[in-house]
Amino acid sequence: MNDTCLAILAGRGTNEFLDEWSARFARKWMMRIAFSDHLASMRNHAFKWFRDECTEEWLIMVDDDMVPLPETEALLEAKGDIVGARAAARSGHESHQHSLSMGCVKVHRRVVEGLSPPWFQFGYTADGADVASCECLYFWQRAVDAGFTIVKSGVIGHRFPVTVVPGDSGPTFLLDHELRDRRRSTAVSP
Ligand SMILES: [Zn+2]
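Residue numbers (our numbering): 899 to 1088.
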């Protein structure tokens, strides 16, 4: 992986594990894209940067709340036009199990140049009031339709808030959606 650009999508600041991991292979960095909070446009910005301002063969695009593990190494070795690491969604379950999470992906230049922008786009309900599909799915579907090889390889950690509650037999770890469920089940009506 000596021909790799790296884009880290910023939000909450990178972590030391990610910094160490990426310093090993990346030749060019684009970090902390702060022009927009909108995830799809941040990803489009990373792709555009890679297409127009880099000459390297590969782009690794990774979100700054991803934590590389020994099991993430497989992504660097894997072959395919697009290679994605398995990552957990905030529910704790695998994100995009039947498509591809954009949390940590390795993308070949032929994909970035072969698909017309925008590469990422959210889908909305007909009334525009809700998000119907995320930007990962949009990209994945277009890549599938264009016939690119999409491979999942390795896993990467995903950091998000966990609430820890002490107990006699050890702590309980609650994800946000579990905390909401717990609050709902114990809510007293006014
Ligand atoms: Zn998604």
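No residue lacks a Cβ here, since even glycine has one placed at the ideal position from N, Cα and C.
Since we're looking at a predicted model, the values are computed, not measured.
The alpha carbon of residue 921 has as its nearest neighbour, out of 980, 1042, 903 and 1077, the alpha carbon of 903. Going by C-alpha positions, residue 1070 is about 26 Å away from residue 968. Annotated as proximal: residue 1003 and residue 981, with beta-carbon spacing under 8 Å.
Residue 1038 and residue 1001 have their C-alpha atoms roughly 13 Å apart.
Note that the C-beta distance between residue 989 and residue 1034 is not below 8 Å. If the five residues before and after residue 1083 are omitted, its C-beta is found closer than 7 Å to no C-beta atom of its own chain.
Taking 8 Å as the cut-off, the beta carbon of residue 1053 is found no closer than this to the beta carbon of residue 978.
Residue pairing for residue 974: DSSP places it in no beta bridge.
Around the beta carbon of residue 936, fewer than 16 other beta carbons lie within 10 angstroms, which makes this residue exposed. For residue 1073, the three-state secondary structure derived from DSSP is strand. The Cβ atoms of residue 964 and residue 941 lie no closer than 8 Å to each other.
For residue 991, the Cβ stays outside the 7 Å cut-off from all heavy atoms of ligand 1. DSSP, read as helix, strand or coil, puts residue 947 in helix. Sorting 947, 962 and 952 by C-alpha distance to the C-alpha of residue 1057 places 962 at the top.
If you ignore the 5 residues before and after residue 1010, its C-beta comes within less than 6 Å of the C-beta of 945, 948 and 949, all in its own chain and listed in chain order.
Residue pairing by DSSP places residue 1066 in no beta bridge whatsoever. Annotation for residue 1035 indicates a beta carbon within 7 Å of some heavy atom of ligand 1.
Around the CB of residue 1005, 16 or more other CB atoms lie within 10 Å, so the residue is classed as buried.
According to the DSSP secondary-structure assignment, residue 1033 is paired through a beta bridge with no residue.
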